[in-house]
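Presented below is the structure to which this report refers.
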Amino acid sequence: MAKTVVMPKLGLTMKEGKLVKWYKQEGDKIKLGDKLFSIETDKITNDAEATTDGILRKIIITAGKKVPIMEPVGIIADKDENIDSLLSELTLGKDLSEESTKKVEQKAETKEIYKEKVPGEKVRISPVARKLAEKENIDYENIEGTGPKGRIVLEDVERAIEDKKKVLTTPTATAFAQQMGIDIGSISKDGRISKDDIIREDKQAWYNLIANPTDTREEMSTMRKLIGERMSESAQTAPAVNFTISVDTHKLKEIRVDLNVDANITYTDLIVKITSKLLLEHPMLNSSIDGEEIITRNYVNMGVAVALPEGLLVPVIRNAHVKEIREISEEIKDLSYRAKTNQLLTDEIEGGTFTITNIGMFGIESFTPIINQPESAILGINAIIDEPKVVDGCICIRPIMKLSLTADHRTVDGAVAAAFLSKLKEALENPIGTLL
Numbered sequence: 185m186a187k188t189v190v191m192p193k194l195g196l197t198m199k200e201g202k203l204v205k206w207y208k209q210e211g212d213k214i215k216l217g218d219k220l221f222s223i224e225t226d227k228i229t230n231d232a233e234a235t236t237d238g239i240l241r242k243i244i245i246t247a248g249k250k251v252p253i254m255e256p257v258g259i260i261a262d263k264d265e266n267i268d269s270l271l272s273e274l275t276l277g278k279d280l281s282e283e284s285t286k287k288v289e290q291k292a293e294t295k296e297i298y299k300e301k302v303p304g305e306k307v308r309i310s311p312v313a314r315k316l317a318e319k320e321n322i323d324y325e326n327i328e329g330t331g332p333k334g335r336i337v338l339e340d341v342e343r344a345i346e347d348k349k350k351v352l353t354t355p356t357a358t359a360f361a362q363q364m365g366i367d368i369g370s371i372s373k374d375g376r377i378s379k380d381d382i383i384r385e386d387k388q389a390w391y392n393l394i395a396n397p398t399d400t401r402e403e404m405s406t407m408r409k410l411i412g413e414r415m416s417e418s419a420q421t422a423p424a425v426n427f428t429i430s431v432d433t434h435k436l437k438e439i440r441v442d443l444n445v446d447a448n449i450t451y452t453d454l455i456v457k458i459t460s461k462l463l464l465e466h467p468m469l470n471s472s473i474d475g476e477e478i479i480t481r482n483y484v485n486m487g488v489a490v491a492l493p494e495g496l497l498v499p500v501i502r503n504a505h506v507k508e509i510r511e512i513s514e515e516i517k518d519l520s521y522r523a524k525t526n527q528l529l530t531d532e533i534e535g536g537t538f539t540i541t542n543i544g545m546f547g548i549e550s551f552t553p554i555i556n557q558p559e560s561a562i563l564g565i566n567a568i569i570d571e572p573k574v575v576d577g578c579i580c581i582r583p584i585m586k587l588s589l590t591a592d593h594r595t596v597d598g599a600v601a602a603a604f605l606s607k608l609k610e611a612l613e614n615p616i617g618t619l620l
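Under this note's numbering, the first residue of the sequence shown carries the number 185, and numbering increases by one thereafter.
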């Protein structure tokens, strides 16, 4: 039975989403759970999955367009199922002619060769042909398709693979090409290709790059725009004040080793747990401003920043102040994984009251994090570095970590922030009592 694919609602406040790209093409076989298309909202990026098996018979909304939630974007049906009535119900209009709906049903592969592809034109290739081409490292954009309307089919890719194998090379040249990452099939030469030919090809590529410097422009993603807007808003709205303190983490290291006998506890997990408990004693660090009112709370929803290739997300651990360390650790790992695989819901990145961001793994010793509005403060975790320290009159080497706190001076006075950071240092240097 034909099923309409719609723009899903990923959170209570979501009204629309941008359909960034389709992972499938018309005519592709779909299985339950397959990724269909990528969605971008003003807060997150996520993937829509298939809720049924079948064939993607029609793509109604093309990539790059914003779509209201629950709006139809495609149709999944059986191969020979008539979808005309469903198309009519969706009021798609005359643009969806009988010709366009039938083209995805044409599976017979002919041997007629169509005109050459126009530069920049989208390559038409069957899923099985694409998979084989990618597996064999074949540039299918240069293959002449023999399928319907010039579509590249399996036989075309197999032919290209055989042609590539016919290239004569010396064993040394083959090994060197693999080492340098050069497609030996792209080298034009009569006779056997040698190592010197590959070196000349590599040099020519560099010469072409130097001789033709290029600036590339691309539209900012919705996430990138939103990050820019929020960071600018934070910088312009909140008079930020910054604090840094050094923490001796040797006891924290010891307790982490003990905890990791049966769990994988990170320093972030430990700092989230300890900070959450201390915030209840320092409510202004956990507050926010709404108009001319200050909101304080008897709970902590801890945001933990997760870096992604396209930007930054801050999933929220709700009621972190009452959760055990292992529960916090598991939740952070789950949220981080789903953030990196586009599976977070909008609700999971909303409602934070304080944020922690850790870039210590990059060796950063100190930085100034920007407050995640409308929160009043953010804590930055830096690298742990062995440094000399005077202990009981003796110089010894201790693992030292700097903490960077940024606070909104409208709600948090300097003395209040300093007192909080001092207490946090004390708790991290003597963690057993706080963690129990």
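The C-beta atom is built at its ideal place from N, Cα and C for all residues, glycine as well. Everything numeric in this text was worked out from a predicted model, so none of it was measured.
Could you check the C-alpha separation between ALA523 and ASP399 for me, to the nearest Å?
Whole-angstrom Cα-Cα distance: 31 Å.
May I ask which residues mark the beginning and end of the alpha helix (DSSP H) holding LEU463?
For LEU463, the enclosing alpha helix (DSSP H) begins and ends at 451–463.
What three-state label does DSSP hand MET415 in the structure shown?
In the three-state reduction of the DSSP assignment, MET415 falls in the helix class, which pools H, G and I.
I'd like to know whether the C-beta atoms of LEU529 and PRO499 end up nearer to each other than 7 Å.
Going by C-beta atoms, LEU529 is not nearer than 7 Å to PRO499.
Please specify which runs of the alpha helix (DSSP H), each continuous and at least 4 residues long, are wholly inside the segment 403–448, giving them in chain order.
Unbroken alpha helix (DSSP H) runs of no fewer than 4 residues, entirely contained in the segment 403–448, are found at 406–421, 434–443, following chain order.
Which residue wins for smallest C-alpha separation from ARG594, given the options ASP474, ARG440, LYS457?
Minimum Cα distance to ARG594 is reached at ASP474.
In angstroms with no decimal places, state the Cα-to-Cα distance between THR421 and ALA599.
So the two alpha carbons sit approximately 21 Å from each other.
Can you give me the Cβ contacts of ALA602 inside the same chain, cut-off strictly under 8 Å, excluding the 5 residues immediately before and after it?
Shown here for ALA602: same chain residues with a beta carbon closer than 8 Å to its own, the five before and five after excluded, namely PHE427 in chain order.
Name the two residues that bound the continuous alpha helix (DSSP H) containing LYS227.
It is not in any alpha helix (DSSP H) - LYS227 carries neither H nor E in the DSSP assignment.
To the nearest angstrom, report how far apart GLU508 and ILE478 are at their CA atoms.
So the alpha carbons of these two residues sit roughly 29 Å apart.
Return the bridge partner residues of GLU559 from the DSSP annotation.
Answer is SER472.
In three-state DSSP terms, what is THR530?
In the structure shown, THR530 falls within a helical segment according to DSSP collapsed to helix, strand and coil.
With distance defined between alpha-carbon atoms, name the residue in LYS250, MET185, ILE581 nearest to HIS434.
For HIS434, the nearest C-alpha among the options comes from ILE581.
Using a 10 Å radius around the Cβ and a threshold of 16 neighbouring Cβ atoms, would you call MET198 buried or exposed?
It is buried - the Cβ of MET198 has at least 16 other Cβ atoms within 10 Å.
As assigned by DSSP and simplified to three states, the class of SER550
Per DSSP, reduced to three states, the secondary structure at SER550 is coil, with no helix or strand assignment.
Could you check whether LEU220 and ASP237 sit closer than 7 Å to each other, using their CB atoms as the reference points?
Annotated as distal: ASP237 and LEU220, with beta-carbon spacing of 7 Å or more.
Proximity test, ILE509 beta-carbon vs the ligand FMN heavy atom, cut-off 6 Å
By its list of ligands, the structure shown contains no ligand whatsoever, and the ligand FMN lies outside what it can speak to.
Determine the DSSP secondary structure at ASN326, reduced to helix, strand or coil.
If DSSP states are grouped into helix, strand and coil, ASN326 belongs with the helices.
Beta strand (DSSP E) segments (min. 3 residues) lying fully within the segment 219–271:
Runs of the beta strand (DSSP E) spanning 3 or more residues and lying entirely within the segment 219–271 occur at 219–224, 229–233, 238–243, 249–252, 256–261, in chain order.
Helix, strand or coil for LYS524 per DSSP?
DSSP places LYS524 in helix when its eight states are reduced to three.
Short of 7 Å in beta carbon distance, which residues of its chain neighbour ASP531, apart from the five on each side in sequence? Order them along the chain.
The residues GLY195, LEU196, in chain order, have a CB closer than 7 Å to that of ASP531 in the same chain once the five nearest residues on each side in sequence are set aside.
Roughly how many angstroms separate the alpha carbons of ASN482 and PRO467, rounded to a whole number?
Cα to Cα, the separation comes out at about 8 Å.
Which same chain residues end up closer than 8 Å to LEU469 when comparing Cβ atoms and leaving out the 5 residues on each side of it in sequence?
Excluding sequence neighbours, LEU469 sits near LEU463, PHE538, SER560, ALA561, ALA591, VAL596, VAL600, ALA601, PHE604.
Could you check which residue in ILE243, ILE253, ASP268 has the C-alpha nearest to that of ILE259?
Checking every option, the nearest Cα to that of ILE259 belongs to ILE243.
Can you tell me whether VAL574 is buried or exposed? The criterion is at least 16 other CB atoms within 10 Å of its CB, across all chains shown.
Per the 10 Å Cβ criterion, exposed.
Using CA coordinates, which residue listed in LYS205, ILE533, SER430, ASN526 is at the minimum distance from ALA569?
The residue you asked about is not Ala; residue 569 is Ile in the sequence shown. With distances taken between Cα atoms, ILE569 lies closest to SER430.
Within the same chain, show all residues whose beta-carbon is closer than 7 Å to that of ASN556, passing over the 5 residues directly before and after it, in chain order.
GLY487, VAL498, GLY536, THR539, ILE562, listed in sequence order.
Reduced DSSP secondary structure (H/G/I, E/B, other) of GLU300:
Interpretation of GLU300 is limited by its pLDDT of 45, a score under 50 that renders its predicted location unreliable; the figure taken from the coordinates is listed afterwards. Reduced to three states, the DSSP call for GLU300 is coil.
Less than 7 Å between the beta carbons of ARG414 and GLY495, yes or no?
Contact: no.
Where MET545 sits in the DSSP three-state scheme
Helix, per DSSP.
Pairwise C-alpha distance: ILE554 and VAL190
One C-alpha to the other measures close to 37 Å.
Extent of the continuous beta strand (DSSP E) run through SER588:
Unbroken beta strand (DSSP E) run through SER588: 578–592.
What are the start and end residues of the alpha helix (DSSP H) that includes LEU612?
Counting along the chain, LEU612 sits inside the alpha helix (DSSP H) bounded by residues 598–613.
Considering only their Cβ atoms, is the gap separating ALA313 from VAL337 smaller than 7 Å?
A contact, by the Cβ cut-off of 7 Å.
Per-residue burial, ARG335 [other beta carbons within 10 Å of its own, 16 or more giving buried]
Buried, since its Cβ has 16 or more Cβ neighbours within 10 Å.
Report the residue from LYS319, GLY577, SER588, LEU619 whose alpha carbon sits nearest the alpha carbon of SER460.
SER460 has its Cα closest to that of LEU619, out of LYS319, GLY577, SER588, LEU619.
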